[in-house]
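Residue numbers (the working numbering): 1 to 361.
Heads up: the structure comes next, in structure tokens.
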Ligand SMILES: Nc1ncnc2c1ncn2[C@@H]1O[C@H](COP(=O)(O)OP(=O)(O)O)[C@@H](O)[C@H]1O
Ligand SMILES: [Mg+2]
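Right, here's the structure in full:
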């Protein structure tokens, strides 16, 4: 019976997702569960009988904590600032140590509990980032509203001024500069508002190909005097999808504009639509949904790794007159439509942005 109970408890400990290490009164390992084996990077067969500090060599904070309990019998709980630096990987762990007592209350060893906090830390970082963005967003929206009114005033006054001096070419040139710069501030403000406004989708049936070809038609004339070819390849079997048409227009306009801005004289931009059959959004609870993919490809210079990393960060731009808000807005629109956006970039081939949207009709 004793035997069965023992193996039952050993099984309980082994099934534990957190690392459990049992030490004797001298601080040598008597038991170690699989989760602890993984954290230590040593099998329990090798660890058995060895001092704890030899197994976690170099992990000073952890060793100090364990040594304290081994020496005094005092428990140290929920120490969350320990970092394991095993096998080149840094793992944040939460650790508790407590004395192991026999049924008569005698101290016969130490129990070390270790919890891998990698996922928790990642989640915390994501929440912090979201918090920062949402309070920043509220601030930005307020600021943008405040700027719009005086901006309208400046714009109106400049236009009146232009009419006052029809013959003074120098003065008119200054005024044109003013109007152009006012227009630029206006774009930044509009983009900020788009990014900061809470997403409320005005859903309707959207003919993606019409949206795309309208944008292509307009952008063909907006290549800044360069010879840029824009080709479209549409899969005619794609039906109308349920989406917010003006947001999708904004989304693809931003992507196509970026592509045109990226290519030089003689550049080629390709806009392609295709159905991703049987593509499943494999988030838990998400049912399998067919998706439609739109690629915006260019044969520009591609992107350096540090650009790729910051692409979707608001205000990140490598352009002298860029706002750095275009792709942040794209990402917001795509996620509001429960889709995905990804990028593939290579200096020799150029850049492809792919937007995947659920094919809900
Ligand atoms: N098709 C592309 N090819 C190369 N770089 C790109 C492309 N699209 C975006 N980028 C890079 O991403 C940055 C951010 O883009 P975006 O958010 O639209 O802001 P903006 O266009 O105002 O700079 C750009 O400044 C550019 O460096
Ligand atoms: Mg842009």
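Beta carbons: idealized from backbone N, C-alpha and C, even for Gly.
message = Given the structure, does residue 32 come close to ligand 1, in the sense that its CB is under 7 Å from one of the ligand's heavy atoms?
response = Residue 32: no, Cβ never under 7 Å from ligand 1.
inquiry  = Buried or exposed for residue 196, going by 16 or more other Cβ atoms inside 10 Å?
reply    = By the neighbour-count rule (16 or more Cβ atoms within 10 Å), residue 196 is buried.
request  = May I have the straight-line CA-CA distance separating residue 68 from residue 33, to the nearest angstrom?
outcome  = Going from the Cα of residue 68 to the Cα of residue 33 covers about 22 Å.
inquiry  = Among the candidates 35, 222, 45, whose CA atom is the shortest distance from the CA of residue 16?
reply    = For the set 35, 222, 45, the Cα lying nearest the Cα of residue 16 is the one of 35.
ask   = In angstroms, rounded to a whole number, what distance separates the CA positions of residue 324 and residue 275?
value = The alpha-carbon of residue 324 is positioned some 30 Å away from that of residue 275.
Proximity test, residue 364 beta-carbon vs ligand 2 heavy atom, cut-off 7 Å = Any question about residue 364 goes unanswered here, given that the chain covers just 1 to 361.
ask   = Quick one: is residue 150 buried, meaning 16 or more other Cβ sit within 10 Å of its Cβ, or exposed?
value = Result: exposed.
ask   = By a C-beta neighbour count over all protein chains shown, 10 Å radius and 16 as the cutoff for buried, is residue 362 buried or exposed?
value = Any answer about residue 362 is impossible in this case: the structure gives the chain only from 1 up to 361.
ask   = Taking the alpha-carbon positions, what's the residue 248 to residue 314 distance?
value = Cα-Cα distance, rounded: 19 Å.
message = Quick check on DSSP: helix, strand or coil for residue 282?
response = Because residue 282 sits at a pLDDT of 47, beneath the cut-off of 50, its placement in the model cannot be relied upon, and the point is left open.
message = If you reduce the DSSP assignment to three classes, tell me which class residue 14 lands in.
response = In the structure shown, residue 14 sits in a helix (DSSP, three-state: H, G or I).
message = If you reduce the DSSP assignment to three classes, tell me which class residue 236 lands in.
response = Coil, per DSSP.
query = Between residue 332 and ligand 2, is the CB less than 7 Å from at least one heavy atom?
reply = With a cut-off of 7 Å, the C-beta of residue 332 is classified as distant from ligand 2, since no heavy atom of the ligand falls inside that distance.
message = Following a CB-centred definition, is residue 357 positioned closer than 7 Å to any heavy atom of ligand 1?
response = Answer for residue 357: no, Cβ out of range of ligand 1.
inquiry  = Suppose the cutoff is 8 Å on Cβ atoms and the five residues either side in sequence are ignored; what does the same chain contact list for residue 28 look like?
reply    = These residues qualify, in order along the chain: 49, 50, 51, 52.
ask   = Opposite residue 358 in the DSSP bridges: which residues?
value = Among the bridge pairs identified by DSSP, residue 358 is matched with 291.
task = For residue 144, I'd like the list of residues in its chain whose CB is within less than 6 Å of its CB, leaving aside the five on either flank, ordered along the chain.
result = For residue 144, where only same-chain residues beyond five positions count, the Cβ hits under 6 Å are 189, 192, 193.
request  = Taking residue 23 as part of the alpha helix (DSSP H), name the residues at either end of that continuous run.
outcome  = Here residue 23 belongs to no alpha helix (DSSP H); instead the beta strand (DSSP E) covers 19-23.
query = Three or more beta-carbon pairs under 8 Å between the region 159-179 and the region 241-260, yes or no?
reply = The answer is no - the region 241-260 does not touch the region 159-179, with fewer than three Cβ pairs under 8 Å.
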